[in-house]
Amino acid sequence: MQNQPLTLLILNGKGAGNEELRTAVNKLRDEGFNLAVRVTWEKGDGDRYVQEAVSLQAETVVAGGGDGTINEIATALAALPADHRPALGILPLGTANDFATSVGIPLEMEPALRLAVLGKATAIDLARVNGDRYFINMATGGFGTRITTETPEKLKSALGGVSYFIHGLMRVDALKPDRCEIVAPGFDWQGDALVIGIGNGRQAGGGQKLCPDALINDGQLNLSIVTAQELLPTLLHSLTRDDENPNIVSAKLQSLSIRSPHEMTFNLDGEPLSGSEFQIEVLPGALSCRLPPQCPLLA
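Going by the UniProt record's numbering, the sequence shown wraps up at 299, each residue one higher than the last.
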């Protein structure tokens, strides 16, 4: 193969030493693919490497890491003019890999890398929060957010996604709902929310399907509000069962506003954002992402 378009791999420093990935990169290079690798060290590296990818006329930028890394690269891509925006590829190198798992990205490095380089680039939605923050997978608020941000790194390293659930059970004494109001065209809810999920994707927190019907190219966000008088049974039900739960309020919306009398924290693909008011909107077809042909999150 000659004159192959450039693919720039941007790897989170924590996963850069993955030997399986190194083998896959070398194998594809031996086959003639033009792959360059960059490793992030500190905040802002992802954006800088995306800018470099544009200057090098890369056809694809691959985010290698967990949901937070994908968020960082997707945010940087969203800031680019559409005619200069490379496609997004994904390598699952994180703890939970919620977005990669739900869209069907292989967990093995070589097939994941081949998909990231050769997969069909498909237009997908992105969500914007308060005008300048984004999420590609899900925004979560309430008790679930506190658990995912507080789960110890050693527990996550040892147990992966299930660590969030175990840590949640360890912290049931801290179960406390957030009082808020959620307003959208044709929708108005106020009350005490145990967990709030706003999904472009379907799952967060290590595999918990908060928005099980979400699609990433339908121009809508799925809202799920877990609310109950008896908090622990509802939490266990929502995390372990797929049947309809009467204590979950659901809606499909293009935009929504969340207001609270106190400060809340939302987790945007693993990145915290605190405040008392959040304006959230979907940006249809904002990114082009290389996905498997039978991706379950495509309409």
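Don't be surprised by glycine CBs; every beta carbon is placed ideally from N, CA and C.
Original post:
Closest by CA to residue 201, which one among 37, 109, 100?
Top reply: When C-alpha distances from residue 201 are compared across 37, 109, 100, the shortest belongs to 100.
**OP:** With a threshold of 16 other CB atoms inside 10 Å of the CB of residue 267, please say whether the residue is buried or exposed.
**Re:** With 16 or more Cβ atoms within 10 Å of its Cβ, residue 267 is classed as buried.
**OP:** Taking only the alpha-carbon atoms, compute the straight-line gap between residue 29 and residue 23 and give it to the nearest angstrom.
**Re:** Spanning the two alpha carbons is a distance of roughly 10 Å.
Subject >> Residue range of the unbroken beta strand (DSSP E) whose run includes residue 222 >> reply: From DSSP, the beta strand (DSSP E) with residue 222 extends over 221-226.
Subject >> Span separating the alpha-carbon of residue 171 from that of residue 257 >> reply: In this predicted model, residue 171 has a pLDDT of only 48, less than 50, meaning its place in the structure is not dependable; the value taken from the coordinates is given anyway. As the crow flies, the alpha-carbon of residue 171 is around 29 Å from that of residue 257.
Original post:
Are residue 26 and residue 65 touching if we call contact CB-CB under 8 Å?
Top reply: Remark: C-beta atoms of residue 26 and residue 65 do not approach each other more closely than 8 Å.
**OP:** Grab me the residues of residue 196's own chain with a C-beta within less than 7 Å of its C-beta, minus the 5 sequence neighbours each way, in chain order.
**Re:** Within the same chain, residue 196 has close Cβ partners 140, 141, 142, 225.
Original post:
Are residue 62 and residue 291 closer than 8 Å when you measure CB to CB?
Top reply: The beta carbons of residue 62 and residue 291 sit no closer together than 8 Å.
Original post:
Can you pull the DSSP bridge partners for residue 123?
Top reply: Note: residue 123 sits in a beta bridge opposite 288.
**OP:** Thinking residue 288 and residue 115 are a contact (beta carbons under 8 Å), I'd like their distance in whole angstroms, please.
**Re:** About 14 Å separates the two Cβ atoms, so there is no contact after all.
Original post:
When you compare each of 274, 72, 247, 21 to residue 126 by their alpha carbons, which one comes out closest?
Top reply: The option with the nearest alpha carbon to residue 126 is 72.
**OP:** Please report how far the alpha carbon of residue 284 lies from the alpha carbon of residue 206, in whole angstroms.
**Re:** Rounded to whole angstroms, the separation of the alpha carbons of residue 206 and residue 284 is 26 Å.
**OP:** Name the residue from 31, 209, 286 whose alpha carbon lies nearest to the alpha carbon of residue 117.
**Re:** Nearest to residue 117 by C-alpha distance, out of 31, 209, 286, is 31.
**OP:** For residue 133, name the three-state secondary structure that DSSP assigns.
**Re:** Looking at residue 133 - three-state DSSP - the assignment turns out to be strand.
Subject >> Option nearest residue 79 by Cα separation, candidates 119, 134, 14, 269 >> reply: The residue with the shortest Cα to Cα distance from residue 79 is 134.
Subject >> Residue from 47, 269, 86, 84 with nearest C-alpha to residue 198 >> reply: Nearest to residue 198 by alpha-carbon distance, out of 47, 269, 86, 84, is 269.
Original post:
Do you know how far the Cα of residue 84 is from the Cα of residue 54?
Top reply: Cα to Cα, residue 54 sits roughly 7 Å from residue 84.
Original post:
Quick one: what's got a C-beta closer than 8 Å to residue 59's C-beta in the same chain, skipping five residues either side?
Top reply: Result list for residue 59: 5, 6, 7, 86, 87, in chain order.
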